[in-house]
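Q: So that we are looking at the same thing, I have put the structure below in structure tokens.
Now the structure itself:
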């Protein structure tokens with residue numbers, strides 16, 4: 014991190030002095046009073062911004078290859094765009110509506126908006142500084158982003174031909190005057206405005222050129238020498254050849270700007286036709302209210318003011334940017350030809366135990382449950398499971414949830430194949446998966462045309478559970494094979510997200526999967542108590558209650574002098590009831606180790622409140638996405654006695670109360686040992702990509718204590734096969750054991 018960025022962070026902390034002084038007061042208060050104060054929670058939105066800071070820090074991590082650092086910068090910018098489109102936009106609407114009800118941490122919507130603007134402003138400045146550092150490092154590697162002044166005569170000649178052939182036909186130069194009103198700029202739209210003067214003298218006008226949505230932002234110039242990559246931004250190309258857009262005029266000023274709009278969707282509770290409702294709302298989304306307009310700093314003030322007046326932006330929407338706009342599009346500079354500047358390629362393993370069964374998933378699962386750990390093990394196992402079910406004449410029915418998937422999804426293709434083969438196929442498609450609604454509508458219609466029974470679930474409850482159920486005729490009886498996952502049925506994200514896929518032939522789990530599908534397909538609204546499950550728990554009816562009951566059981570064990578402990582891994586921890594249960598367990602003496610990638614509203618290690626709770630975040634090459642929870646159950650963790658679960662749900666109000674989610678027990682010995690002794694221990698051991706959370710919500714990067722080399726969970730998983738998927742001849746090296754007192758390796 015540069016000195017300037019450190020200084021800005023210090024200034025941000027100074028600005029937060031009042032808040033931190035109120036937080037520090039928590040430490041001198043008794044437990045009963047602490048549990049009644051809203052300050053026991055951290056703000057969700059500010060916690061998310063801290064997470065995105067950690068993503069940005071990876072762009073400065075010199076242990077990563079250069080283009081991967083650029084990727085982290087691009088991801089942090091894309092993350093921030095989405096945050097503005099949804100979370101920040103929602104708070105702004107609450108402020109406009111006069112809502113003053115505080116969040117669980119005690120902050121009103123207006124207070125949250127003000128804090129977000131301060132924190133996000135620092136983050137955006139840090140992103141620009143990071144880009145300047147990376148730009149120079151890229152130039153040192155012969156990857157350059159040039160401006161118009163840096164082009165040679167040969168460059169200009171080639172670029173003019175490219176402009177006339179590839180750009181001019183798809184751009185639309187506009188005049189803005191009383192006869193030509195300012196056009197609508199869609200969400201994430203980018204445009205360049207020009208103050209123009211007629212070369213003949215006298216006449217002036219304002220021109221506007223929206224950048225075409227499907228054109229590359231960065232144009233690669235011809236090579237001058239081998240191994241060199243040179244780019245120029247599209248907005249600079251437009252300015253170079255402005256004469257061809259506005260013949261007879263020359264620019265006297267220029268201002269590039271970029272729009273971020275409110276992109277959340279609200280569904281009318283009693284919409285008669287949910288599909289039609291969504292199609293209408295998707296068209297409306299592009300016309301959402303502006304929440305951010307970013308303009309370049311060196312533009313003439315008069316031109317900036319003209320744009321803001323014409324577009325109808327509020328002062329609070331405006332961000333003047335000293336640097337490049339649209340940082341998310343820097344990902345276009347990441348190519349495959351410089352493998353030396355990328356992470357070494359990694360090919361996921363295929364579980365040896367399935368290979369030993371001749372690739373037959375049903376034979377392997379019937380012999381013993383198996384967990385596939387993505388992306389270290391191939392998502393092809395999930396695809397093969399569905400494909401084999403589609404082709405197997407003994408399979409009579411397939412039921413499948415689809416939350417997010419890819420275009421040309423092999424899972425969807427297999428379901429269509431099964432339906433066309435005459436099997437009874439049901440697909441539970443969630444059309445409310447944010448930003449994937451349109452794609453899900455298309456795949457739902459493809460499935461219906463093939464004869465698949467498509468169900469859309471509840472209006473107010475997203476179906477987020479990841480379940481496949483295959484019913485097979487075996488020896489005159491029906492037998493179930495079930496897949497429960499922590500991630501989506503998406504082949505592309507399965508290569509970069511860490512997730513778990515549990516395959517089981519357990520009859521009780523199969524019956525529970527069937528009950529889950531029937532719960533969603535048979536009711537207009539969820540019944541208050543839900544099905545009578547044998548093993549799994551499901552939100553919105555029983556999952557939160559089950560979690561709290563197991564946390565309370567650990568607290569009782571601690572008070573009775575028995576071994577106790579909780580290990581959990583998730584993406585976000587927000588739910589007030591679960592956090593309070595963890596606080597009470599900590600006060601009873603339960604050691605709690607949490608791996609929370611992103612948002613965490615719990616304050617760890619506050620005396621009298623949470624001093625036995627440790628929270629860490631892992632941010633690295635792969636996106637941590639799996640959800641795991643382990644309870645000691647009367648023995649020291651890790652042990653065979655522990656209760657271990659995987660889940661599709663984060664510990665947030667929306668997951669526990671407004672979604673259909675599943676919490677699934679892990680019981681088979683090899684699978685239990687893999688999740689607890691291998692996956693969780695490795696995550697808790699990681700000190701190369703981990704950040705320790707502090708009581709005030711800040712994070713400190715861990716460094717290997719007294720060792721020349723630290724431990725990376727991602728490297729460990731890439732190098733070691735999983736326990737449940739190993740073949741008979743494979744040896745497995747377990748990660749170092751943990752000291753349950755403090756989570757340190759020993």
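Numbering (the numbering used here), first residue to last: 14 to 759.
The C-beta atom is built at its ideal place from N, Cα and C for all residues, glycine as well.
1. Can you list, in chain order, the stretches of the alpha helix (DSSP H) that have 4 or more residues and sit fully within the stretch 213–262?
2. If you draw a straight line from the alpha carbon of residue 388 to that of residue 511, how long is it in whole angstroms?
3. For the structure I just gave you, are there three or more beta carbon pairs, one from the stretch 665–681 and one from the stretch 595–602, closer than 8 Å?
4. Which one or two residues does DSSP pair with residue 266 in a beta bridge?
5. Around the Cβ of residue 136, are there at least 16 other Cβ atoms within 10 angstroms (buried) or fewer (exposed)?
6. Just curious, the beta strand (DSSP E) that residue 370 is in, first and last residue?
7. Considering only the alpha carbon of each residue, which of 236, 254, 104 lies closest to residue 181?
8. Out of 259, 702, 502, which one is the CA nearest neighbour of residue 717?
9. Restricting to Cα atoms, I'd like to know which of 452, 707, 156, 536 is closest to residue 472.
10. Using the Cα positions of residue 425 and residue 405, report the straight-line distance between them to the nearest angstrom.
11. Since I believe residue 659 is in contact with residue 515 (beta carbons under 8 Å), could you give me their beta-carbon distance rounded to a whole number of angstroms?
12. Tell me whether residue 31 is buried or exposed, calling it buried when 16 or more other Cβ atoms sit within 10 Å of its Cβ.
13. Taking the C-alpha atoms as reference points, what is the distance between residue 483 and residue 460?
14. Could you please give the first and the last residue of the uninterrupted beta strand (DSSP E) stretch that includes residue 604?
15. Go through its chain and collect everything with a Cβ distance to residue 666's Cβ below 8 Å, but skip five positions before and after it.
16. Is the CB-CB distance between residue 583 and residue 704 below 8 Å?
17. Does the stretch 541–561 come close enough to the stretch 521–528 to have 3 or more Cβ pairs within less than 8 Å?
18. Do you know offhand how far residue 144's Cα is from residue 509's?
19. List in chain order: all unbroken beta strand (DSSP E) runs of 3+ residues lying wholly within the stretch 576–600.
20. Relative to the C-alpha of residue 623, which residue among 638, 642, 467, 603 is closest?
21. Would you call the stretch 256–276 in contact with the stretch 308–315, where contact means no fewer than 3 C-beta pairs closer than 8 Å?
22. Would you identify the three-state DSSP class for residue 375, choosing helix, strand or coil?
23. Going straight from the alpha carbon of residue 219 to that of residue 138, what length do you get?
24. Would you tell me roughly how many angstroms separate the C-alpha atoms of residue 371 and residue 661, rounded to the nearest one?
25. Apart from the five residues just before and just after residue 396, which ones in its own chain have a Cβ nearer than 8 Å to its Cβ?
26. Run the CB neighbour count on residue 542, radius 10 Å, all protein chains shown included, and call it buried at 16 or more, exposed below.
27. State the Cα-Cα distance for the pair residue 159 and residue 246, rounded to the nearest angstrom.
28. What three-state label does DSSP hand residue 332 in the structure shown?
29. Taking 7 Å as the limit between beta carbons, can you name the residues of its chain near residue 80, skipping five residues before and five after?
30. Cβ atoms of residue 650 and residue 687: under 8 Å apart, would you say?
31. Could you have a look at residue 622 and say whether DSSP puts it in helix, strand or coil?
32. How big is the Cα-Cα spacing for residue 147 and residue 361?
33. Is the CB-CB distance between residue 613 and residue 49 below 8 Å?
34. For the candidate residues 738, 78, 443, whose alpha-carbon lies nearest to that of residue 349?
35. Short of 7 Å in beta carbon distance, which residues of its chain neighbour residue 391, apart from the five on each side in sequence? Order them along the chain.
36. I want to know whether the stretch 618–634 touches the stretch 371–387 - three or more CB-CB distances under 8 Å.
A: Looking at the coordinates:
1. Counting only runs of 4 or more, we get 247–253, 255–258.
2. So the two alpha carbons sit approximately 6 Å from each other.
3. Judged by pairs of C-beta atoms under 8 Å, the stretch 665–681 does not touch the stretch 595–602, as fewer than three such pairs exist.
4. Residue pairing by DSSP places residue 266 opposite 208 in a beta bridge.
5. Residue 136 is buried by the Cβ-count criterion.
6. For residue 370, there is no enclosing beta strand (DSSP E), since its DSSP letter is neither H nor E.
7. Here the closest residue by C-alpha is 254.
8. That would be 702, whose Cα lies nearest to the Cα of residue 717.
9. Measuring from the Cα of residue 472, the nearest candidate turns out to be 536.
10. Inter-residue distance for residue 425 and residue 405 is about 17 Å (C-alpha atoms, whole angstroms).
11. Confirmed, Cβ separation roughly 6 Å.
12. Unreliable placement is indicated for residue 31, whose pLDDT of 40 sits below 50; no coordinate value is reported for it.
13. Straight-line Cα distance between these residues: approximately 17 Å.
14. Element bounds for residue 604: n/a, residue is neither H nor E.
15. Here the set comprises 587, 588, 589.
16. Contact check for residue 583 against residue 704 fails: the beta carbons are separated by 8 Å or more.
17. Touching, yes, given that three or more Cβ pairs across the two stretches are closer than 8 Å.
18. Their Cα atoms are separated by approximately 24 Å.
19. The stretch 576–600 contains these whole beta strand (DSSP E) runs: 579–583.
20. With distances taken between CA atoms, residue 623 lies nearest to 603 out of 638, 642, 467, 603.
21. Yes, the stretch 256–276 is in contact with the stretch 308–315.
22. Reduced to three states, the DSSP call for residue 375 is helix.
23. Rounded to whole angstroms, residue 219 to residue 138 spans 30 Å at the Cα level.
24. Going from the Cα of residue 371 to the Cα of residue 661 covers about 30 Å.
25. Here the set comprises 423, 424, 427, 504.
26. Residue burial is scored here from C-beta neighbours: residue 542 has fewer than 16 other C-beta atoms within 10 angstroms and is therefore classed as exposed.
27. If you draw a straight line from the Cα of residue 159 to the Cα of residue 246, it comes to about 8 Å.
28. The answer is strand: DSSP assigns residue 332 an E or B state.
29. Answer for residue 80: 347, 351, 354, 355, listed in chain order.
30. In this structure, residue 650 does not lie closer than 8 Å to residue 687 by Cβ.
31. Under the three-state reduction of DSSP output, residue 622 falls in the coil class, being neither helix nor strand.
32. Residue 147 and residue 361 have their alpha carbons spaced roughly 30 Å apart.
33. No, the Cβ-Cβ distance between residue 613 and residue 49 is not below 8 Å.
34. Answer by Cα proximity: 78.
35. Hits under 7 Å: 361, 362, 363.
36. Segment contact: the stretch 618–634 against the stretch 371–387, fewer than three CB-CB distances shorter than 8 Å; contact not assigned.
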